[in-house]
Amino acid sequence: MIKKILFSLLICLISVLSFAQFATLKELEDYKHQLSVVKDDSSRVLMMAYLSLHYGIWNPDSSIIYGQKALALAKQIKYTKGEINALIGLARASMGDPNNALQYGLEALRKAEENNFLEEKAICFTELGDNFCELEGNPKEIDYYKQAKAIYESVGDKPELAYWKVLNKFFIINASYGENPGEADLREMEKLVDEEKKSHYWRLPLLRALAGMQFHLGKNELAIKNLTQVIQMAKEDANHYQLTESFNIMSKVYGELQITDSSIFYAERCLAESKFANQKYLAWESSRFLSEIYEPIDLKKALYYRKMYDSLNNTLYGAEAVKKLQKILTNEQQLQRNKEAAQVAYKSRMKQYALLSGLAILLIAGFFLYRNNRQKQKANAVLEKTLSDLKSTQSQLIQSEKMASLGELTAGIAHEIQNPLNFVNNFSEVNKEMIAELKEEIEKGNYDEVKIIANDIESNEEKINHHGMRADAIVKGMLQHSRQTSGTKEPTDINALCDEYLRLSYHGLRAKDKSFNANFETDFDASIEKTNIVQQDIGRVLLNLINNAFYAVSEKKK
35 MIKKILFSLL ICLISVLSFA QFATLKELED YKHQLSVVKD DSSRVLMMAY LSLHYGIWNP
95 DSSIIYGQKA LALAKQIKYT KGEINALIGL ARASMGDPNN ALQYGLEALR KAEENNFLEE
155 KAICFTELGD NFCELEGNPK EIDYYKQAKA IYESVGDKPE LAYWKVLNKF FIINASYGEN
215 PGEADLREME KLVDEEKKSH YWRLPLLRAL AGMQFHLGKN ELAIKNLTQV IQMAKEDANH
275 YQLTESFNIM SKVYGELQIT DSSIFYAERC LAESKFANQK YLAWESSRFL SEIYEPIDLK
335 KALYYRKMYD SLNNTLYGAE AVKKLQKILT NEQQLQRNKE AAQVAYKSRM KQYALLSGLA
395 ILLIAGFFLY RNNRQKQKAN AVLEKTLSDL KSTQSQLIQS EKMASLGELT AGIAHEIQNP
455 LNFVNNFSEV NKEMIAELKE EIEKGNYDEV KIIANDIESN EEKINHHGMR ADAIVKGMLQ
515 HSRQTSGTKE PTDINALCDE YLRLSYHGLR AKDKSFNANF ETDFDASIEK TNIVQQDIGR
575 VLLNLINNAF YAVSEKKK
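All you need for our numbering is the position in the sequence shown, starting with 1, plus 34.
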């Protein structure tokens, strides 16, 4: 079982690579034997397609039989690539019958395009170009050759395409000059002949084509020399196709040289060989030539060849043939329209897909932008709350700091309040005593003394009021220090503020440490006017500075 599978795979590989060069008759006989033992249907299709293609130049009838068998089996097993190969073989086998060749070629191209078989498409383009070449006045051949060339160049060097690449290049040269070649065309053909001179297969058709070009350029001796060489090699290979083509050109060369006998000889040889090569077109051309050349010298033969020509003309170009050709060309045009419509539809779909893709991208981008915006809003809300909490915490910390510093200042503040209170109390006691004295002096009628005592009482009241105001200022300062700042600036006596916090700091430190003592002097600038500041904030700054100064002095003393 494994051997059979490996054998089938090997046959498939041989079939794929078979287009690299044409087989000899002996090789074809060996291949036929291999076909008889292969059971795998796909492999059999490819092998019969191979035989169909390669038998075309040796035995067109066998070529058509193998091609039809390969096509039928490929359709039966639904093997599309096999169908295409079979159709290509049939198209090659029908080269002498343009209508059939064209029909096979177009069908192969349709299937290759439907399945996007690139290499098969290139082969079909080459084959169709050759088919359209047989239809006079049809310019499509060069378009097909160019399409094939573009594909051959895109896929690179592949052994299975070697034959078709050379064939396509050969056809392009032929199509470019038509019936009027120039010296440049001749050099191009000579270059191609030189490139393929080692190829047993290509040596014949290229040398024959070169001879045909030499004939058109009036180089008849060179043409005869090359054609003689081609005919000799074609006879050795039993290559009926090359013999038919070479005899046809040779008859034209001798006709141009007005060597009638030789011209008739080669035309009749061409007509005889065309039956083996299935070259109806060349038979049609030779029979017309012979009927014309025999007309002035042998009416019987002229009539014979005229009847043959009429029969072939009816087969190739009669009403039925024209109708069939029109149908084929209509189908080909429909194929092209379908292809163009498919391309338009494809481009339209691509535009729609592009628009839908763009819309999808916009929707996705919009979704992410919306989501990011929502996340940003949430993050901002969290940040704002955090900031608010931080501000609240900061305010609380500041207030705590104030209260802590206020606690530190309590002793100093108490001492500062105690002094004016002592003055108030002392002067109040003195005033009580002086009022008693005042009453006694009034009773005595000593009014001068009363006035003196009254003046002293008034002076004491001023001192009581002064020290009361001082105590009031200390209390207000303490309250301001403890309450939350509004951050509002107001006119402030800097000197008084510094003096107040200097004393608060000193007495506060003294309250905490009885051993602490320091001498300090103030030297305020009396010219400084009131300044707009936030009293509480500047007061805390002054308090910290003075505390640090007292602490530094105390530490240095130790």
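From the three backbone atoms N, C-alpha and C, an ideal C-beta is built for every residue, glycine too.
- Spatial neighbours of M247 in its own chain (CB-CB distance under 7 Å, excluding positions within 5 residues in sequence) are listed in chain order as P215, D219, L220, M223.
- Look at N456 here: in three-state DSSP terms it is helix.
- Pairing A156 with Y186 gives a Cβ-Cβ distance under 7 Å.
- Less than 7 Å separates the beta-carbon of V79 from that of A108.
- Look at T420 here: in three-state DSSP terms it is helix.
- Rounded to whole angstroms, the separation of the alpha carbons of L85 and R322 is 33 Å.
- As a beta-bridge residue in DSSP terms, I567 pairs with E524.
- Put simply, the backbone Cα of A135 is about 12 Å away from that of K314.
- Using a Cβ distance threshold of 7 Å, L324 and A306 do not count as a contacting pair.
- In this structure, A257 places its C-beta atom within 7 Å of the C-beta atom of F249.
- Contact between F554 and L536 holds: their C-beta atoms lie close to 7 Å from each other, under 8 Å.
- Scanning its chain for C-beta atoms nearer than 6 Å, with the 5 sequence neighbours on each side dropped, one finds no residue around L390.
- Collapsing the DSSP output to three states places S128 in coil.
- For Y138, same chain residues with a beta-carbon under 7 Å away, outside a window of 5 residues either side, are L121, L124, A125, S128 in chain order.
- For the stretch 255 to 298, the continuous alpha helix (DSSP H) assignments of 4+ residues that do not extend past its boundaries occur at 274 to 290, in sequence order.
- In this model, G90 and N273 are separated by some 10 Å (Cα to Cα).
- Look at Q411 here: in three-state DSSP terms it is helix.
- Burial of K199 is indicated by the presence of at least 16 other C-beta atoms within 10 angstroms of its C-beta.
- The three-state reading of DSSP puts S96 in helix, counting H, G and I together.
- The Cβ-Cβ distance between N282 and P94 does not fall below 7 Å.
- Between K564 and D527, the gap from beta carbon to beta carbon is short of 7 Å.
- Taking the C-beta atoms as reference points, V464 is found nearer than 7 Å to N494.
- In this structure, S76 sits near Y113, with a CB-CB distance shorter than 7 Å.
- Shown here, A560 sits in coil according to DSSP, grouped into three states, outside any helix or strand.
- S308 places its beta carbon 7 Å or farther from that of T262.
- For the pair V484 and E492, the CB atoms are not nearer than the 7 Å cut-off.
- The residue among R574, A560, V568 with its C-alpha nearest the C-alpha of L538 is R574.
- At a cut-off of 4 residues, the continuous stretches assigned as alpha helix (DSSP H) that sit fully inside the stretch 134 to 206 are 152 to 167, 174 to 189.
- In the three-state DSSP reduction, Y113 falls in the coil class, being neither helix nor strand.
- Judged by their CB atoms, G163 and E175 are nearer to each other than the 7 Å cut-off.
- Exclusion of the five residues before and after E326 leaves no residue of its chain whose Cβ lies closer than 7 Å to its Cβ.
- With fewer than 16 other Cβ atoms inside 10 Å of its own Cβ, H67 counts as exposed.
- Cβ atoms of L238 and Q276 come within 8 Å of each other, at about 5 Å.
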